[in-house]
Amino acid sequence: GTFTQAGPLNATVTGLSPNTTWYFRFRADNDNGKSVTTKTEAYELKTAVWRPTDGTATWGSLAWLLNGAGSPVAFEDGWSALFDGQETASPTSVKVEGPVKASIVTVNATRDYLFDGDGSLSAAKLVKKGTGTLTLESSVLGATRDIEIQQGQIKVGDHAKRGALGADGGTVTIKPGAS
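For the sequence shown, this note's numbering assigns the number -15 to the initial residue and increments by one for each residue that follows.
Here it is, written out as structure tokens:
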């Protein structure tokens, strides 16, 4: 097929498995059909696992373990985020400050989580597993496109504030037994 683009090209690729290196090849042709530029980029979709150690429950803090191991790091846009209920620190209220752009956010836990704060959380997909409840204050619910509730439930807080489930034409999928 043919794709024509004038100016910068921005693309979003979804559905990639975390902790896998993906390769993308780009080739630009001139009007005569001759290849001008070919470039291959390697990209690893990284998963950050929520592990606050000092009771700090701010998304932007050093509360993450990259791929579930190593020293605590700050979350970087584009990473996948996992809340698995295995953290030893007590807070399950996660403050979102500033814009956060995750590829996939998965809450797979029996404990309850509350995402609130002054920031906004945007993700290509939000997945809820485990019997716990995820409460999303509307003020933090950014452009999260697709939401899949496999187990447990998702509650949306103050409906007077911005945000909607399945924004931008996304889908909300509720599996049997979830709500």
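Here a beta-carbon is modelled for each residue, glycine too, at the ideal position from N, C-alpha and C.
Since we're looking at a predicted model, the values are computed, not measured.
Residues near residue i in its chain [Cβ-Cβ closer than 6 Å; skip 5 each side]
{"i": "valine 33", "result": "Leu49, Gly52, Leu66"}
{"i": "glycine 114", "result": "Asn92, Ala93, Thr94, Gln135, Gly136"}
{"i": "lysine 159", "result": "Gln134"}
{"i": "valine 111", "result": "Thr90, Glu132"}
{"i": "valine 57", "result": "Trp48, Leu50"}
Same chain, Cβ closer than 7 Å to residue i, five either side skipped, listed in chain order
{"i": "lysine 79", "result": "Ala41, Thr42, Trp43, Asp100, Gly101"}
{"i": "glycine 161", "result": "Gln135"}
{"i": "aspartate 68", "result": "Val33, Asn92, Ala93"}
{"i": "arginine 35", "result": "Ala47, Trp48, Leu49, Pro56, Glu71"}
Backbone secondary structure at residue i - three-state DSSP
{"i": "valine 124", "result": "helix"}
{"i": "lysine 139", "result": "strand"}
{"i": "alanine 58", "result": "coil"}
{"i": "lysine 64", "result": "Looking at the sequence itself, residue 64 is serine, so the reference to lysine does not match. Note: serine 64 maps to strand in three-state DSSP."}
{"i": "serine 106", "result": "strand"}
{"i": "asparagine 92", "result": "strand"}
{"i": "glutamate 81", "result": "coil"}
{"i": "alanine 41", "result": "coil"}
Cβ-based burial, residue i [other Cβ within 10 Å; buried from 16]
{"i": "glutamine 70", "result": "exposed"}
{"i": "lysine 139", "result": "exposed"}
{"i": "aspartate 61", "result": "exposed"}
{"i": "alanine 108", "result": "buried"}
Proximity of residue i and residue j at Cβ, strictly below 8 Å
{"i": "leucine 46", "j": "serine 77", "result": "no"}
{"i": "serine 104", "j": "proline 83", "result": "yes"}
{"i": "leucine 29", "j": "serine 87", "result": "yes"}
Residues near residue i in its chain [Cβ-Cβ closer than 8 Å; skip 5 each side]
{"i": "threonine 31", "result": "Pro2, Asn3, Leu50, Asn51, Gly52, Trp63, Ser64, Ala65, Leu66"}
{"i": "aspartate 96", "result": "Thr76, Gly116, Thr117, Leu118, Thr119"}
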